[in-house]
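Peer 1: Handing you this structure, nothing more for now.
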Amino acid sequence: MTMTSIPQSAASNEPRKDRLRTRASSVRWARRREVLREVMRNPLTVVGVVIITLFLLMAITAPLLTEANQPDPYQSPRDWANIDVGPGVEGHVLGTDSTGGDVLYGIIWGSRLSLQLSLTVVISTLIIGTIVGSVAAMRGGRLDNFLMRIVDVFLAIPELIFALAIAAVLGPSFRNIILALAVVFWVKYARIIRGEIIRVKQTDYVAAARVVGDSTWNIYRKDVLPNAVTPLVVQATLDMGNVVLIGAALSYIGLAQAGLTEWGAMVSAGQSGILAGQWWVSTFAGVAILLWALAFNLVGDGLRDALDPKTEGR
Amino acid sequence: MSVAVEHPNIGPSAASGSGDVMTLHDVKVHYPVKEGVLQRVTGAVRAVDGVDLSIRRGQTLGLVGESGCGKTTLGRVIAGLVPATGGDIWFDLDDSSKLLMERLRAIPKDSMSREDKALWSQLESNHRLGSMSRERQRIYRRNCQFVFQDAFASLNPRQLVRDIVGRPLRVYHEASGNDLDLKVINLLERVGLGPQHLLRYPHQFSGGQRQRISIARALALNPEFVVLDEPTSALDVSVQAQILNLLVELQEDLGLTYLFITHDLGVVQHMSDYLAVMYLGKIAEIGPTEDVFSNPLHPYTKVLRDSNPSLEGDDLDGSAHLRLTGTVPNPIDPPQGCRLHPRCPVSQPECGWQVDDMFQSLETSTPASFETITRVERSGPFAAQLVMTDDAAARHLHEEITSSRSPFGRAVETITLDGANVSIRLREVEEIPLIPVAPGRMSSCLLAGRPGGINPPSESR
Ligand SMILES: Nc1ncnc2c1ncn2[C@@H]1O[C@H](COP(=O)(O)OP(=O)(O)O)[C@@H](O)[C@H]1O
Ligand SMILES: [Mg+2]
Chain A
1 MTMTSIPQSA
11 ASNEPRKDRL
21 RTRASSVRWA
31 RRREVLREVM
41 RNPLTVVGVV
51 IITLFLLMAI
61 TAPLLTEANQ
71 PDPYQSPRDW
81 ANIDVGPGVE
91 GHVLGTDSTG
101 GDVLYGIIWG
111 SRLSLQLSLT
121 VVISTLIIGT
131 IVGSVAAMRG
141 GRLDNFLMRI
151 VDVFLAIPEL
161 IFALAIAAVL
171 GPSFRNIILA
181 LAVVFWVKYA
191 RIIRGEIIRV
201 KQTDYVAAAR
211 VVGDSTWNIY
221 RKDVLPNAVT
231 PLVVQATLDM
241 GNVVLIGAAL
251 SYIGLAQAGL
261 TEWGAMVSAG
271 QSGILAGQWW
281 VSTFAGVAIL
291 LWALAFNLVG
301 DGLRDALDPK
311 TEGR
Chain B
1001 MSVAVEHPNI
1011 GPSAASGSGD
1021 VMTLHDVKVH
1031 YPVKEGVLQR
1041 VTGAVRAVDG
1051 VDLSIRRGQT
1061 LGLVGESGCG
1071 KTTLGRVIAG
1081 LVPATGGDIW
1091 FDLDDSSKLL
1101 MERLRAIPKD
1111 SMSREDKALW
1121 SQLESNHRLG
1131 SMSRERQRIY
1141 RRNCQFVFQD
1151 AFASLNPRQL
1161 VRDIVGRPLR
1171 VYHEASGNDL
1181 DLKVINLLER
1191 VGLGPQHLLR
1201 YPHQFSGGQR
1211 QRISIARALA
1221 LNPEFVVLDE
1231 PTSALDVSVQ
1241 AQILNLLVEL
1251 QEDLGLTYLF
1261 ITHDLGVVQH
1271 MSDYLAVMYL
1281 GKIAEIGPTE
1291 DVFSNPLHPY
1301 TKVLRDSNPS
1311 LEGDDLDGSA
1321 HLRLTGTVPN
1331 PIDPPQGCRL
1341 HPRCPVSQPE
1351 CGWQVDDMFQ
1361 SLETSTPASF
1371 ETITRVERSG
1381 PFAAQLVMTD
1391 DAAARHLHEE
1401 ITSSRSPFGR
1411 AVETITLDGA
1421 NVSIRLREVE
1431 EIPLIPVAPG
1441 RMSSCLLAGR
1451 PGGINPPSES
1461 R
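One line per chain: the protein sequences are A and B, in this order. Residues in the first sequence are numbered consecutively from 1, following our numbering. Residues in the second sequence are numbered consecutively from 1001, following our numbering.
Quick look at the structure:
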């Protein structure tokens, strides 16, 4: 080999390596797209995604669709001249309630509350549950036993009742509903991720990483978590719907502030008018709740089927 | 992390020359059996139950035995994947430290001189698994790798081949970035894969290719010793041969030491220098492969050889074929004495017959009288009083046992008849050790050292 050939080959190697580097991420993205395509093959999942997208658009563009009420946009503006008018009345497409609050306005701004509620609760409980479940499963032994006994106690009480008790103690406000739901929802995630981690820990690829001498943290990060997280993602998606359902139930029984554009509170407010034929307030708010919960359940189920570890990637 | 991580002399030259890569003394792995809601420990699966073994540097030790006899567990305990529950495992002993280790081990700890104590603890911190210093532990970890039986299960499905094979290099800061890619490509080429495979997921490969990937990973750190746990048993026959050839080639090029685990004698015949035969957590026989094949010194080895269709037609010793009776006993409660004796075609009265083995034997040979036993009162593993349905049944059983020409019949020391009761005392036998019976050969069969060897006595043929 001559002296000149060495820098040459080194130089010619550089661009090739850079190409490799970019290709690695494009391979990973291709794989993600593949999974996404698999998920979207189910028409029901697509329906769910469409509904969720519409709700998201509604929440984002609320200040454009309606003029925000001052000072608190989450209180319907009162139109005292049009109390209890039915759908289709000029300026009130979905009618008004007994205080002149516009139902459409409530639904639009309520979608923001629902999004806030579900995102806050699901993200915070996902983090807490993942940490608790991971520590329990990775450490094992007495700490695991201790944490899982706590989880068992939580799981023994039905979600709705538990959240209701906490919210009642904390006093009626939307923030307390979020807090109550957060206290209740983390346990399920802790349970799920713990079981998955214990399963993954017994696999040969984790043994292979140990034989190579990698650290527990790296094994957790690279092997355990990525292979344990799928059922958690599914459950979190389902819970984006469930949280709103239970949150609505809590505000329905009066645990949110009065007059709030929260869908559950609206169902409650419209209830007294139903016997008098004023069906629209409760019905439209109820439909909004159901659509929201339905959409996330459709997507969650679709994810569960598409990401089934038995079929995925094999 | 700094670049200047010190690497004390690692790689195959860590301890050059001869000696043992691994030395095992009375190694046990008992998995606890938990039962009930409270998960109480009620017993133990004796997966590995007292194994002595030396793996010589540069050689291949074959480890054969039926499925479930503890081969994988033994491989895993050697690779440090499973802790030993008993005995000790030594890494990288040269001949003189091995002699020292053996001398010191024989001395009870409390009567050791201070000098010897110091030597012992130094030996432990340099060589003994579980007691090694961090630095030595690191060297052991780098130099002892493992190839799993199910290659697919041993590859993280969410990682690209580049990250799987390059992982060991990352762990020890051997390479990163472009350098890592180049090194991984080299490793892939060494196992017969190409650069085009770098950025693929494990599910995009065939079984043989996956095993090549896992071999590449095992070789990434240039180890000295690799445990191969049935590396080809999940593959098609044609692919098997390719992988075996690759392993032989790599061994020659890199001077590797292998522990080659398999249930297939035909595979191991051409791979290994030494052969250890395992049965129910214990080593039945060990010796140079050719000798073990041509002249087995344990009935179990002979049974394995004779029952292997791929070996038929080989010029064997022309002796009568042996067959086992019954099925593999439960490793939670294995037979004492020789593990094989309840199933052994040539078992002797001294092989360790116990009351439980006697029942097993009765159940298969004379089920009618076995069913007339109503109650059993044990007094230790070798004695029991049987309560029969009636006097006639007791007489019948008494007659059957005393007239029995079977080894267990001859293992009966006293048998007394008292109405419907039969009291039996069997010959007490200690554990049967693995002992040298010929130059370079060890066997745990009592017959191995005797004139007729392990072949069936002529009277019974
Ligand atoms: N993690 C474990 N926990 C409990 N028992 C085990 C475990 N691994 C293996 N065993 C038991 O130990 C015995 C030996 O198993 P193994 O070492 O896999 O044998 P082989 O590789 O020879 O087939 C079997 O009875 C098996 O059921
Ligand atoms: Mg095995």
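Even for Gly, the Cβ is constructed at its ideal location relative to N, Cα and C. Since the structure is predicted, the reported quantities are computational estimates derived from the model, not experimental observations.
Quick one, which residues of the segment 24 to 57 of chain A are near chain B if we go by CB-CB under 8 Å, in chain order?
Peer 2: Residues A24, V27, R28, R31.
Peer 1: Among all residues, which have a Cβ less than 5 Å from at least one non-hydrogen atom of ligand 1, and in what chain order do they fall?
Peer 2: Any residue whose Cβ sits closer than 5 Å to a heavy atom of ligand 1 makes the list: B:Y1031, B:V1045, B:A1047, B:S1067, B:G1068, B:C1069, B:G1070, B:K1071, B:T1072, B:T1073, B:P1331.
Peer 1: For ligand 3, is there any heavy atom lying closer than 6 Å to the beta carbon of T1023 (chain B)?
Peer 2: The model on display carries ligand 1 and ligand 2 but not ligand 3.
Peer 1: What ranges does the alpha helix (DSSP H) occupy inside the segment 143 to 207 of chain A, keeping only unbroken runs of at least 4 residues that lie completely in it?
Peer 2: Entirely contained in the segment 143 to 207 of chain A, the alpha helix (DSSP H) runs reaching 4 residues are, in chain order, 159 to 170, 174 to 201.
Peer 1: Taking any Cβ of chain A, which residues in the segment 1260 to 1271 of chain B have a Cβ under 7 Å from it, in chain order?
Peer 2: Here the close residues number zero.
Peer 1: Can you find a CB in chain A that lies within less than 7 Å of the CB of S1154 (chain B)?
Peer 2: One-based indexing of the second sequence puts residue 1154 (chain B) at position 154. Cβ-Cβ to chain A under 7 Å: yes for S1154 (chain B).
Peer 1: Using a 10 Å radius around the Cβ and a threshold of 16 neighbouring Cβ atoms, would you call R1323 (chain B) buried or exposed?
Peer 2: Position 323 of the second sequence, counted from the start, is the residue given in the question as residue 1323 (chain B). R1323 (chain B) is exposed by the Cβ-count criterion.
Peer 1: Going by C-alpha distance, which of B:P1433, B:A1151, B:P1329 is nearest Q1209 (chain B)?
Peer 2: In the second sequence, counting from the first residue as 1, residue 1209 (chain B) sits at position 209. The shortest Cα separation from Q1209 (chain B) among B:P1433, B:A1151, B:P1329 belongs to B:A1151.
Peer 1: In the DSSP assignment, the beta strand (DSSP E) including G1087 (chain B) goes from what residue to what residue?
Peer 2: One-based indexing of the second sequence puts residue 1087 (chain B) at position 87. 1086 to 1093 is the extent of the beta strand (DSSP E) around G1087 (chain B).
Peer 1: Would you identify the three-state DSSP class for G1419 (chain B), choosing helix, strand or coil?
Peer 2: Locating residue 1419 (chain B) in the second sequence gives position 419, where the first residue counts as 1. Coil.
Peer 1: Quick one: Cα of R41 (chain A) to Cα of A306 (chain A), how far?
Peer 2: Residue mapping note: residue 41 (chain A) aligns to position 41 of the first sequence, counting from 1. Residue mapping note: residue 306 (chain A) aligns to position 306 of the first sequence, counting from 1. Using only the alpha carbons, I get a separation of about 9 Å.
Peer 1: In the DSSP assignment, find the alpha helix (DSSP H) that holds Y1121 (chain B) and state where it starts and stops.
Peer 2: Within the second sequence, numbered from 1, the residue matching residue 1121 (chain B) stands at position 121. The displayed chain sequence assigns Ser, not Tyr, to residue 1121 (chain B). Where S1121 (chain B) is concerned, the enclosing alpha helix (DSSP H) stretches over 1114 to 1127.
Peer 1: Tell me whether the beta-carbon of G1087 (chain B) lies closer than 7 Å to the beta-carbon of H1025 (chain B).
Peer 2: The count along the second sequence starts at 1 and reaches residue 1087 (chain B) at position 87. The count along the second sequence starts at 1 and reaches residue 1025 (chain B) at position 25. Cβ distance < 7 Å, so G1087 (chain B) and H1025 (chain B) count as in contact.
Peer 1: What does the alpha-carbon distance come out to for the pair A236 (chain A) and P226 (chain A)?
Peer 2: Here residue 236 (chain A) is taken as the residue at index 236 of the first sequence, counted from 1. Here residue 226 (chain A) is taken as the residue at index 226 of the first sequence, counted from 1. In a straight line, the C-alpha of A236 (chain A) is about 16 Å away from that of P226 (chain A).
Peer 1: Which complete alpha helix (DSSP H) runs does the segment 1371 to 1454 of chain B hold, if anything under 4 residues is left out?
Peer 2: Runs found: 1391 to 1403, 1407 to 1410.
Peer 1: Measuring only between beta-carbons, confirm whether P71 (chain A) sits less than 7 Å from chain B.
Peer 2: Position 71 of the first sequence holds residue 71 (chain A). It does not: the Cβ of P71 (chain A) has no partner Cβ on chain B nearer than 7 Å.
Peer 1: Within 7 Å (strictly less), CB to CB, does V267 (chain A) reach chain B?
Peer 2: As a position in the first sequence, residue 267 (chain A) is number 267, starting the count at 1. Chain B, which has no Cβ nearer than 7 Å to the Cβ of V267 (chain A), makes this no.
Peer 1: Taking buried to mean at least 16 other C-beta atoms within 10 Å of its own C-beta, is G1452 (chain B) buried or exposed?
Peer 2: Residue numbering aside, residue 1452 (chain B) sits at position 452 when the second sequence is read from its first letter. With fewer than 16 other Cβ atoms within 10 Å, it is exposed.
Peer 1: Between A:N242, A:V200, A:V243, which lies nearest to K222 (chain A) when the distance is taken from Cα to Cα?
Peer 2: As a first step, residue 222 (chain A) is located in the first sequence; it is residue number 222 there, counting from the start. Of the candidates A:N242, A:V200, A:V243, the one whose C-alpha sits nearest the C-alpha of K222 (chain A) is A:V200.
Peer 1: By Cβ distance, which residues of its chain are closer than 6 Å to E90 (chain A), with the 5 residues on each side in sequence left out?
Peer 2: In the first sequence, the residue the question calls residue 90 (chain A) occupies position 90. Same-chain partners within the cutoff: there are none.
Peer 1: Does the distance from the CB of G1058 (chain B) to the CB of G1255 (chain B) come in under 7 Å?
Peer 2: The residue given as residue 1058 (chain B) occupies position 58 in the second sequence. The residue given as residue 1255 (chain B) occupies position 255 in the second sequence. It is a contact, given that the beta carbons lie within the stated cut-off.
Peer 1: Report the residue from B:S1125, B:V1161, B:S1443 whose alpha carbon sits nearest the alpha carbon of I1286 (chain B).
Peer 2: Counting from one through the second sequence, the residue named residue 1286 (chain B) turns up at place 286. When only C-alpha atoms are compared, the closest one is B:S1443.
Peer 1: Under a three-way DSSP split, which group does S1054 (chain B) fall into?
Peer 2: In the second sequence, residue 1054 (chain B) corresponds to position 54, counting from 1. S1054 (chain B): strand per DSSP, three-state reduction.
Peer 1: If you run the structure through DSSP and keep just helix, strand and coil, what is Q1336 (chain B)?
Peer 2: The residue given as residue 1336 (chain B) occupies position 336 in the second sequence. If DSSP states are grouped into helix, strand and coil, Q1336 (chain B) belongs with coil.
Peer 1: Hey, is D308 (chain A)'s beta-carbon within less than 7 Å of any beta-carbon in chain B?
Peer 2: The residue you call residue 308 (chain A) lines up with position 308 of the first sequence. No, because no Cβ of chain B sits closer than 7 Å to the Cβ of D308 (chain A).
Peer 1: Need the endpoints of the alpha helix (DSSP H) that D1026 (chain B) sits in, please.
Peer 2: For the purposes of this step, residue 1026 (chain B) is identified with residue 26 of the second sequence, where counting begins at 1. No alpha helix (DSSP H) holds D1026 (chain B); the beta strand (DSSP E) holding it covers 1020 to 1035.
Peer 1: How would you list, in chain order, the residues of chain A whose beta-carbon sits under 8 Å from the beta-carbon of Q1145 (chain B)?
Peer 2: One-based indexing of the second sequence puts residue 1145 (chain B) at position 145. Ordered by position in chain A, the residues that pass the 8 Å Cβ test against Q1145 (chain B) are V211, V212.
Peer 1: Is L1221 (chain B) helix, strand or coil by DSSP?
Peer 2: Numbered from 1 along the second sequence, position 221 holds the residue referred to as residue 1221 (chain B). Three-state DSSP puts L1221 (chain B) in coil, outside helix and strand.
Peer 1: Report the residue from B:E1224, B:G1050, B:Q1240 whose alpha carbon sits nearest the alpha carbon of G1207 (chain B).
Peer 2: Counted from its first residue, the second sequence places residue 1207 (chain B) at position 207. G1207 (chain B) has its Cα closest to that of B:Q1240, out of B:E1224, B:G1050, B:Q1240.
Peer 1: Measuring only the C-alpha atoms, how far is N145 (chain A) from A68 (chain A)?
Peer 2: Position 145 of the first sequence holds residue 145 (chain A). Position 68 of the first sequence holds residue 68 (chain A). The alpha-carbon atoms of N145 (chain A) and A68 (chain A) are separated by roughly 51 Å.
Peer 1: Which first and last residues belong to the beta strand (DSSP E) in which G1266 (chain B) is found?
Peer 2: Start at 1 with the first residue of the second sequence, and residue 1266 (chain B) comes out as number 266. Element bounds for G1266 (chain B): not the beta strand (DSSP E) but the alpha helix (DSSP H), 1265 to 1269.
Peer 1: What is the rounded straight-line gap between the Cα of A1216 (chain B) and the Cα of L1155 (chain B)?
Peer 2: Against the second sequence, residue 1216 (chain B) aligns to sequence position 216. Against the second sequence, residue 1155 (chain B) aligns to sequence position 155. For A1216 (chain B) and L1155 (chain B), the distance between alpha carbons rounds to 12 Å.
Peer 1: Relative to the alpha-carbon of K1098 (chain B), which residue among B:R1305, B:V1355, B:L1193, B:I1055 has its alpha-carbon at the smallest distance?
Peer 2: Looking up residue 1098 (chain B) in the second sequence gives position 98. Closest option to K1098 (chain B), Cα to Cα, is B:I1055.
Peer 1: Might you give, ordered along the chain, the residues of its own chain that have their beta carbon closer than 8 Å to the beta carbon of L57 (chain A), omitting 5 neighbours on each side?
Peer 2: Counting from 1 along the first sequence, the entry for residue 57 (chain A) is found at position 57. Here the set comprises nothing.
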